[in-house]
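Positions 673 to 791 (my numbering) are the ones given, in order, by the sequence shown.
Don't be surprised by glycine CBs; every beta carbon is placed ideally from N, CA and C.
What follows is one structure encoded as structure tokens, with my remarks underneath.
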Amino acid sequence: MTPVERDAAVKQYERAIAFGKTKPLSGKTKQLWESSRRGGPKVGCRADRVLLSVEGGLLEKVDQFVERRGIPRSKLIVSLLDLVTRLAALPQEQQARIKHQILASGIKDRAFSAAVDSV
Numbered sequence: 673m674t675p676v677e678r679d680a681a682v683k684q685y686e687r688a689i690a691f692g693k694t695k696p697l698s699g700k701t702k703q704l705w706e707s708s709r710r711g712g713p714k715v716g717c718r719a720d721r722v723l724l725s726v727e728g729g730l731l732e733k734v735d736q737f738v739e740r741r742g743i744p745r746s747k748l749i750v751s752l753l754d755l756v757t758r759l760a761a762l763p764q765e766q767q768a769r770i771k772h773q774i775l776a777s778g779i780k781d782r783a784f785s786a787a788v789d790s791v
């Protein structure tokens, strides 16, 4: 396709679509649209909403973190839950080695240390 042909093909999408030329979304298309608007789960996966209580100062730190990274808060939480469950599934000696590395990194927070020890 030449650049002239490409420009001609794309030109039709540059103008507005008349409302009369539109039609309602099909059931499946509507479901995909709603899921994408919510930032919902991937197609075929089921997600449950949960209510969490988080100390205000921690929530502010989390919000600053996700804002800097440009990710949703829920994605961070899901990633951390996935990490913890994967860690728990590892053999005991590998878990111990990873926990030791985390704690040796200089983190002095007692709550964090307790969370790592609980896995």
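Would DSSP call residue i helix, strand or coil?
i    : result
L697 : coil
P675 : helix
V750 : helix
R724 : Here residue 724 is Leu; the residue named in the question, Arg, does not match the sequence. Looking at L724 - three-state DSSP - the assignment turns out to be coil, as it is neither helix nor strand.
How about residue i: is its C-beta nearer than 9 Å to some C-beta of chain C?
i    : result
I770 : Within the model displayed, chain C is absent; a lone protein chain is all it includes.
Regarding residue i and the ligand NAP, is the C-beta to nearest heavy atom distance less than 8 Å?
i    : result
L755 : Inclusion of the ligand NAP in the displayed structure is not the case, the ligand content being empty and no account of it being possible.
Please look up how many angstroms separate the CB atoms of residue i and residue j, rounded, as I've assumed it's under 8 Å.
i    : j    : result
L759 : I749 : Contact doesn't hold; Cβ gap of about 16 Å is too wide.
V734 : R745 : 6 Å
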